[in-house]
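Visitor:
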Amino acid sequence: MVIPLPSPRCDATIVSDNTFSEGGAIWMAERKVRVGVVSLEHVHAPGLIRAFQQHPRAEVVAIAHENLDEAQRTAEQFQIPRVYLSAETMLDKEPLDAILCCAANAKHADVVELVTRKGLPVMVEKPMSASVADARRMLLAAQKAGVTLMVNYPSTWNPALHKVKQLLDDGAIGQPVYFRWRAGHRGPLSGLPPEQQARSWWHQRLLGGGALLDFCCYGANISLWWFGQMPLSIIGVADRLAKPFGDAEDNAILVARYPNAFAVLEASWSQGGAVPGGPLVIGTEGAMSVAQREGQQGVSLIRDGKEEFIAADPLPLHFQSGVAHFLSALLDGTPLHETVSPDFNIGVQAILEAGMIAARTGTAVNPRML
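Just so we're aligned, residue 195 is where the sequence shown starts under the numbering used here, counting upward by one.
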């Protein structure tokens with residue numbers, strides 16, 4: 195019988211080729227990381243569970259979710275042995291090593307505080323939370339427990355975005371002055387009848403619903419990474435334009451005033467069809483956008499009226515997905531990429547909260563003051 199051991203942290207010390215020391219405990223690298231899932235509320239939950247189940251170094255052993263029928267269906271689909279109605283019960287009964295949190299945005303802080311008290315590392319699906327105050331609670335809880343907290347952004351695992359960052363840092367387009375990112379579809383639950391969509395957390399402001407948090411977070415995360423400093427102010431608009439239920443917006447546009455650039459962050463839950471969303475960045479000497487040629491991801495670079503396609507370099511294995519990166523942080527001590535680190539994402543959350551306040555009040559808001 196394998197005795198479950200305490201979870202490793204990013205500062206774990208390598209004892210031998212297959213063990214790590216942390217606080218006097220030994221982590222056996224050959225044993226799979228036992229993952230518990232807290233909530234299935236986020237639509238990304240099935241894909242993340244599948245990624246954990248397919249990873250050779252992990253297994254999902256339990257789900258805690260308030261809807262027992264949904265939890266049981268998911269458990270059967272992914273061959274997960276046990277389900278619970280509450281995270282507290284799962285944490286008391288299961289010898290877990292890590293947690294995947296796919297709860298509504300406004301519940302993230304409570305979940306992180308709960309699981310970190312058990313000394314467990316946690317991966318939270320983006321955005322970090324529903325407010326800056328909650329994001330700070332999450333960071334403090336992880337720091338106090340000495341465990342890893344990662345905010346998973348699917349955009350981070352796109353090699354083309356890393357290539358753009360490299361080219362920006364190399365001065366390929368001079369000084370960047372404009373950024374645009376648009377994310378849109380028909381809504382996270384568009385396949386359901388309106389009355390079912392209306393009851394979901396996605397359309398409830400108090401639970402962290404709305405297109406602004408869901409989609410503007412990508413542009414906030416990427417622009418902050420590429421520009422390397424916080425914006426000076428945010429203006430924005432957000433409203434229900436096509437879905438007359440709930441109280442959360444289905445469309446939003448934010449404009450972030452960085453020290454030397456503007457960033458336009460667009461979100462829509464009422465977009466029919468595919469629309470090129472970027473990201474696009476324009477500088478004093480050229481422009482770049484993410485592109486694909488013959489199945490190869492890369493960057494379209496335009497300078498002096500001429501376009502050049504630059505293929506993106508393949509990312510290392512631990513950058514192939516959020517799950518791979520999280521497990522590498524736990525087992526190999528790999529530092530979290532800045533875009534998924536909690537410190538960085540407090541800045542992202544400040545941009546989003548400034549945007550929400552700006553849309554509500556019609557005034558510019560300084561995210562550095564939040």
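Where a beta carbon is used, it is the ideal one built from N, C-alpha and C, also for glycine.
Tell me the start and end of each unbroken alpha helix (DSSP H) in the region 276 to 348 that is at least 4 residues and wholly inside, in chain order.
Guide: 281 to 287, 302 to 310 and 326 to 339
Visitor: Have a look at Trp463 and Arg399 and give me their C-alpha separation to the nearest angstrom.
Guide: 15 Å
Visitor: Taking Cβ to Cβ, would you say Gly430 is nearer than 7 Å to Gly541?
Guide: Not in contact: Gly430 and Gly541 (Cβ atoms no closer than 7 Å).
Visitor: Since Asn415 and Ala432 are thought to touch, with beta carbons under 8 Å apart, how far apart are those beta carbons, to the nearest angstrom?
Guide: Not confirmed; about 18 Å, so no contact.
Visitor: Can you have a look at Gly217 and say buried or exposed, based on whether 16 or more other CB atoms are within 10 angstroms of its CB?
Guide: Low confidence applies to Gly217: its pLDDT is 29, below 50, so where it sits in the model is not reliable, and the reading given next is rough at best. Exposed, since its Cβ has fewer than 16 Cβ neighbours within 10 Å.
Visitor: Quickly, what does DSSP pair Tyr372 with across the bridge? List them, please.
Guide: Phe456 and Ile476
Visitor: What's the C-alpha gap between Asp526 and Arg251?
Guide: When rounded, the distance between both Cα atoms is 11 Å.
Visitor: How would you write the range of the alpha helix (DSSP H) that Ser394 sits in, first residue to last?
Guide: Where Ser394 is concerned, there is no enclosing alpha helix (DSSP H), given that its DSSP letter is neither H nor E.
Visitor: Mind checking which residues open and close the beta strand (DSSP E) that includes Leu520?
Guide: According to the sequence shown, residue 520 is Phe rather than Leu. Looking at the DSSP string, Phe520 is not in any beta strand (DSSP E); the run it does join, the alpha helix (DSSP H), is Gly516 to Asp526.
Visitor: From Lys437, Glu260 and Met322, pick the residue whose C-alpha is nearest to that of Pro387; which is it?
Guide: Lys437
Visitor: Taking Cβ positions, are Met317 and Met284 nearer each other than 7 Å?
Guide: no
Visitor: Please name the residue, chosen from Ala485, Arg487 and Leu418, that lies closest to Asn454 on a Cα-to-Cα basis.
Guide: Leu418
Visitor: What does the alpha-carbon distance come out to for the pair Ser535 and Gly466?
Guide: Rounded to the nearest angstrom, the two C-alpha atoms are 33 Å apart.
Visitor: Please return the same chain residues whose Cβ sits closer than 8 Å to the Cβ of Pro348, not counting the five positions on each side in sequence.
Guide: His238, Lys320 and Gly516
Visitor: The alpha helix (DSSP H) spanning Ala553 covers which residue range?
Guide: Pro536 to Thr555
Visitor: Return the first residue and the last residue of the alpha helix (DSSP H) that Asp571 is part of.
Guide: Outside the displayed range of the chain (195 to 564) lies residue 571, so it cannot be described from this structure.
Visitor: Evaluate the contact criterion for the region 323 to 330 versus the region 263 to 274: three or more CB pairs, one atom per stretch, below 8 Å.
Guide: no
Visitor: How would you write the range of the beta strand (DSSP E) that Gln491 sits in, first residue to last?
Guide: First-last of the beta strand (DSSP E) with Gln491: Gln490 to Arg497.
Visitor: Taking DSSP as the reference, what is the three-state secondary structure of Ile243?
Guide: helix
Visitor: For the putative contact between Trp420 and Phe456, defined by C-beta atoms under 8 Å, what is the C-beta separation to the nearest angstrom?
Guide: Actually they are not in contact, since the Cβ atoms of Trp420 and Phe456 sit about 13 Å apart, beyond 8 Å.
Visitor: Take Ala505 as the anchor and find which of Ser494, Met332, His519 and Leu521 has the nearest alpha-carbon.
Guide: Ser494
Visitor: Does the beta carbon of His356 sit closer than 7 Å to a beta carbon anywhere in chain D?
Guide: The structure shown contains no chain D; it holds only a single protein chain.
Visitor: Considering only DSSP beta bridges, list what Gln486 is partnered with.
Guide: Gln491
Visitor: Below 7 Å CB to CB, which residues in the same chain sit around Glu532 once its five sequence neighbours on both sides are set aside?
Guide: Trp419 and Phe538
Visitor: Touching or not, the region 276 to 290 and the region 368 to 382, by the rule of three or more beta carbon pairs under 8 Å?
Guide: The region 276 to 290, when compared against the region 368 to 382, does not touch it at the 8 Å Cβ threshold.
Visitor: Are Glu460 and Arg380 close, meaning C-beta to C-beta below 7 Å?
Guide: no
Visitor: By the 10 Å Cβ neighbour count, where 16 or more other Cβ atoms means buried, how is Ile197 classified, buried or exposed?
Guide: Residue placement at Ile197 is poorly supported in this model, since its pLDDT is 23, which falls under 50; the coordinates still yield a value, given next. Answer is exposed; the Cβ neighbour count stays below 16.
Visitor: Starting from the C-beta of Pro353, find all residues in its chain whose C-beta is less than 6 Å away, skip the five residues before and the five after it, and write them out in chain order.
Guide: Gln491, Ala506 and Leu509
Visitor: Tell me where the alpha helix (DSSP H) around Ser417 begins and ends.
Guide: Start and end: Cys411 to Phe421.
Visitor: Helix, strand or coil for Lys437? Go by DSSP, reduced to three states.
Guide: coil
Visitor: Leaving out five residues before and five after Ser394 in sequence, what residues of the same chain have Cβ atoms less than 7 Å from its Cβ?
Guide: Leu383, listed in sequence order.
Visitor: Taking the C-alpha atoms as reference points, what is the distance between Tyr412 and Tyr452?
Guide: 16 Å
Visitor: For Asp364 and Ala392, I'd like the C-alpha separation in whole angstroms.
Guide: 47 Å
Visitor: How long is the line joining the alpha carbons of Gly499 and Gly489, rounded to whole angstroms?
Guide: In this structure, the CA atom of Gly499 is about 25 Å from the CA atom of Gly489.
Visitor: Asn261: which of Tyr278, Arg554, Leu521 and Val255 sits nearest, CA to CA?
Guide: Tyr278
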